[in-house]
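Protein chains in written order, with the numbering used here: chain A, 478 to 770; chain B, 117 to 310.
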């Protein structure tokens with residue numbers, strides 16, 4: 478086990494509730510891969526979209542506070558949720574460039590900023606820190622014959638110069654990870670389109686329209702399933718899928734996996750440890766058909 | 117409904133407000149040359165009465181009231197596509213944040229109440245509990261927006277799948293979050309922050 482692969486883990490609110498299977502599968506997968514995760518004690522909500530929507534100073538302060546808490550735990554910060562990742566990286570970016578905002582945030586959290594630690598999304602840790610070669614050696618059940626549509630959504634790569642995870646308009650990091658564990662990927666049009674995100678609460682009609690286009694595109698490209706790295710994207714694609722099928726008179730039946738669940742299957746973790754039973758669109762028939770269960 | 121005719125004159129152009137937006141967003145609306153790339157890529161433009169490029173044009177002309185009166189700013193999903201693709205590096209997503217903040221602080225005048233209600237409840241939850249609890253958020257939203265039956269069919273399914281937690285714990289360091297909120301309020305009272 479590589480001693481350098483230890484991280485302070487920031488799950489974010491969704492992973493403790495509606496995205497419990499993302500949290501579970503992340504812990505199980507990282508354990509198998511020999512990557513240490515220590516959850517940051519008493520982390521706070523990052524403020525998500527509502528905070529930066531109406532109160533940037535609050536959003537920056539919440540992120541700075543979380544980075545201060547993370548600083549007490551060994552290792553770079555590992556973030557699972559694409560939205561939390563985006564907020565934390567944005568805070569680093571803005572506070573690094575704007576002295577006025579920096580001073581305001583220091584006053585708000587009543588402490589000097591400790592925001593220089595690295596903030597990494599799980600994808601970054603798997604693809605770069607662990608490395609695809611080492612990931613390949615952990616695979617004992619390659620996902621042969623499984624056609625995956627990798628869905629990035631908005632915040633993993635945008636805007637330019639902020640997340641710095643991969644190319645903003647033509648990223649390949651998800652495809653590279655999932656091809657490493659034996660799956661096929663499809664070329665499709667809606668990899669980076671918005672799912673409607675938190676409008677799921679206030680204006681679900683928006684989500685139904687945008688998410689339908691994503692499901693339609695994945696289906697047309699011949700995908701068996703969609704892979705995501707964000708609990709909001711997952712909620713909209715998975716939880717609302719039945720409703721969308723009803724509205725558009727469509728039949729998608731498209732399981733939506735978290736990246737850690739699919740990679741988890743390839744390293745031999747069983748369904749229970751990956752929380753596959755929590756998925757609303759049942760993935761079992763597909764996995765049985767492909768001989769993966 | 118017939119639209120009010122727009123008159124551009126010294127009386128109707130309020131550029132001070134626009135300067136405030138630029139300061140908050142740390143970007144310039146003047147750099148925009150109306151290529152329309154932001155609106156072409158905007159997933160939400162279809163729901164807005166003023167697509168993103170027109171929001172910027174109205175700001176350039178000092179016609180911010182027209183923007184705030186509508187629902188456009190509240191229908192922005194913060195997907196950052198516009199900021200990413202702008203050839204002039206206008207940070208439009210940040211401008212949307214600044215407009216929402218100024219509109220929010222002034223408690224008006226947009227009619228888009230659902231998005232604002234969701235934001236308000238979300239922020240109240242952070243202040244009270246330190247984290248977001250989706251079950252509480254959704255339940256209170258439905259009650260306060262008068263949509264008692266919204267997503268009613270989803271609830272039991274989500275609870276059965278363990279996706280909605282009926283109970284939750286509180287952070288041990290909750291007092292620190294309250295301090296952050298109240299320090300920011302204090303700074304604003306003293307005029308030290310917008």
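Quick reminder that beta carbons are idealized off the backbone N, C-alpha and C, glycines included.
Less than 7 Å between the beta carbons of residue i and residue j, yes or no?
{"i": "residue 655 (chain A)", "j": "residue 616 (chain A)", "result": "no"}
{"i": "residue 517 (chain A)", "j": "residue 484 (chain A)", "result": "no"}
{"i": "residue 152 (chain B)", "j": "residue 197 (chain B)", "result": "no"}
{"i": "residue 533 (chain A)", "j": "residue 755 (chain A)", "result": "no"}
{"i": "residue 505 (chain A)", "j": "residue 746 (chain A)", "result": "yes"}
{"i": "residue 514 (chain A)", "j": "residue 521 (chain A)", "result": "no"}
{"i": "residue 706 (chain A)", "j": "residue 736 (chain A)", "result": "yes"}
{"i": "residue 630 (chain A)", "j": "residue 710 (chain A)", "result": "yes"}
{"i": "residue 162 (chain B)", "j": "residue 637 (chain A)", "result": "no"}
{"i": "residue 187 (chain B)", "j": "residue 223 (chain B)", "result": "no"}
{"i": "residue 652 (chain A)", "j": "residue 662 (chain A)", "result": "yes"}
{"i": "residue 608 (chain A)", "j": "residue 558 (chain A)", "result": "no"}
{"i": "residue 582 (chain A)", "j": "residue 613 (chain A)", "result": "no"}
{"i": "residue 131 (chain B)", "j": "residue 175 (chain B)", "result": "no"}
{"i": "residue 530 (chain A)", "j": "residue 241 (chain B)", "result": "no"}
{"i": "residue 730 (chain A)", "j": "residue 673 (chain A)", "result": "no"}
{"i": "residue 260 (chain B)", "j": "residue 233 (chain B)", "result": "yes"}
{"i": "residue 741 (chain A)", "j": "residue 563 (chain A)", "result": "no"}
Interface residues of chain A around residue i at Cβ under 7 Å?
{"i": "residue 220 (chain B)", "result": "531"}
{"i": "residue 142 (chain B)", "result": "575"}
{"i": "residue 270 (chain B)", "result": "716"}
Output the boundary residues of the beta strand (DSSP E) element that contains residue i.
{"i": "residue 624 (chain A)", "result": "624 to 627"}
{"i": "residue 529 (chain A)", "result": "Element bounds for residue 529 (chain A): not the beta strand (DSSP E) but the alpha helix (DSSP H), 525 to 531."}
{"i": "residue 516 (chain A)", "result": "513 to 516"}
{"i": "residue 164 (chain B)", "result": "Element bounds for residue 164 (chain B): n/a, residue is neither H nor E."}
{"i": "residue 598 (chain A)", "result": "596 to 598"}
Quick one: Cα of residue i to Cα of residue j, how far?
{"i": "residue 202 (chain B)", "j": "residue 154 (chain B)", "result": "6 Å"}
{"i": "residue 556 (chain A)", "j": "residue 596 (chain A)", "result": "7 Å"}
{"i": "residue 478 (chain A)", "j": "residue 750 (chain A)", "result": "Because residue 478 (chain A) sits at a pLDDT of 49, beneath the cut-off of 50, its placement in the model cannot be relied upon, and the following sentence gives the value as read from the coordinates. Straight-line Cα distance between these residues: approximately 21 Å."}
{"i": "residue 728 (chain A)", "j": "residue 138 (chain B)", "result": "47 Å"}
{"i": "residue 761 (chain A)", "j": "residue 739 (chain A)", "result": "13 Å"}
{"i": "residue 123 (chain B)", "j": "residue 183 (chain B)", "result": "15 Å"}
{"i": "residue 495 (chain A)", "j": "residue 255 (chain B)", "result": "14 Å"}
{"i": "residue 694 (chain A)", "j": "residue 665 (chain A)", "result": "6 Å"}
{"i": "residue 570 (chain A)", "j": "residue 213 (chain B)", "result": "16 Å"}
{"i": "residue 248 (chain B)", "j": "residue 671 (chain A)", "result": "22 Å"}
{"i": "residue 627 (chain A)", "j": "residue 726 (chain A)", "result": "24 Å"}
{"i": "residue 512 (chain A)", "j": "residue 482 (chain A)", "result": "5 Å"}
{"i": "residue 177 (chain B)", "j": "residue 210 (chain B)", "result": "19 Å"}
{"i": "residue 159 (chain B)", "j": "residue 166 (chain B)", "result": "13 Å"}
{"i": "residue 535 (chain A)", "j": "residue 528 (chain A)", "result": "6 Å"}
{"i": "residue 566 (chain A)", "j": "residue 584 (chain A)", "result": "20 Å"}
{"i": "residue 553 (chain A)", "j": "residue 492 (chain A)", "result": "19 Å"}
{"i": "residue 180 (chain B)", "j": "residue 230 (chain B)", "result": "22 Å"}
{"i": "residue 258 (chain B)", "j": "residue 680 (chain A)", "result": "12 Å"}
{"i": "residue 135 (chain B)", "j": "residue 289 (chain B)", "result": "38 Å"}
Bridge partners for residue i per DSSP, in chain order?
{"i": "residue 662 (chain A)", "result": "A:625"}
{"i": "residue 521 (chain A)", "result": "Beta-bridge pairing links residue 521 (chain A) to no other residue."}
{"i": "residue 703 (chain A)", "result": "A:626 and A:733"}
{"i": "residue 553 (chain A)", "result": "A:484"}
Give the residues of chain B in contact with residue i, contact being defined as C-beta atoms less than 9 Å apart.
{"i": "residue 670 (chain A)", "result": "159, 195 and 197"}
{"i": "residue 522 (chain A)", "result": "238, 241, 242, 245, 246, 247, 248 and 293"}
Give the residues of chain B in contact with residue i, contact being defined as C-beta atoms less than 7 Å apart.
{"i": "residue 538 (chain A)", "result": "296 and 300"}
{"i": "residue 569 (chain A)", "result": "The contacting residues do not exist; residue 569 (chain A) stays about 15 Å from chain B at best."}
{"i": "residue 673 (chain A)", "result": "193"}
What residues from chain B crowd round residue i, counting only those whose CB sits closer than 8 Å?
{"i": "residue 495 (chain A)", "result": "250, 274, 279 and 280"}
{"i": "residue 519 (chain A)", "result": "246, 287, 288 and 289"}
{"i": "residue 587 (chain A)", "result": "295 and 299"}
{"i": "residue 636 (chain A)", "result": "196, 199, 200, 207 and 209"}
Taking C-beta pairs closer than 9 Å, name the residues in chain A that residue i reaches, listed in chain order.
{"i": "residue 164 (chain B)", "result": "Those do not exist, as residue 164 (chain B) stays about 11 Å from chain A at its closest Cβ, beyond 9 Å."}
{"i": "residue 253 (chain B)", "result": "678"}
Between which two residues does the alpha helix (DSSP H) containing residue i stretch?
{"i": "residue 734 (chain A)", "result": "Premise fails: residue 734 (chain A) lies in the beta strand (DSSP E), 733 to 735, not in any alpha helix (DSSP H)."}
{"i": "residue 197 (chain B)", "result": "197 to 201"}
{"i": "residue 229 (chain B)", "result": "229 to 245"}
{"i": "residue 563 (chain A)", "result": "559 to 574"}
{"i": "residue 686 (chain A)", "result": "681 to 697"}
{"i": "residue 749 (chain A)", "result": "Segment: none, residue 749 (chain A) is in no alpha helix (DSSP H) and carries neither H nor E."}
{"i": "residue 718 (chain A)", "result": "718 to 725"}
{"i": "residue 122 (chain B)", "result": "Segment: none, residue 122 (chain B) is in no alpha helix (DSSP H) and carries neither H nor E."}
{"i": "residue 667 (chain A)", "result": "Residue 667 (chain A) -> no alpha helix (DSSP H), and no H or E assigned at all."}
{"i": "residue 496 (chain A)", "result": "Element bounds for residue 496 (chain A): n/a, residue is neither H nor E."}
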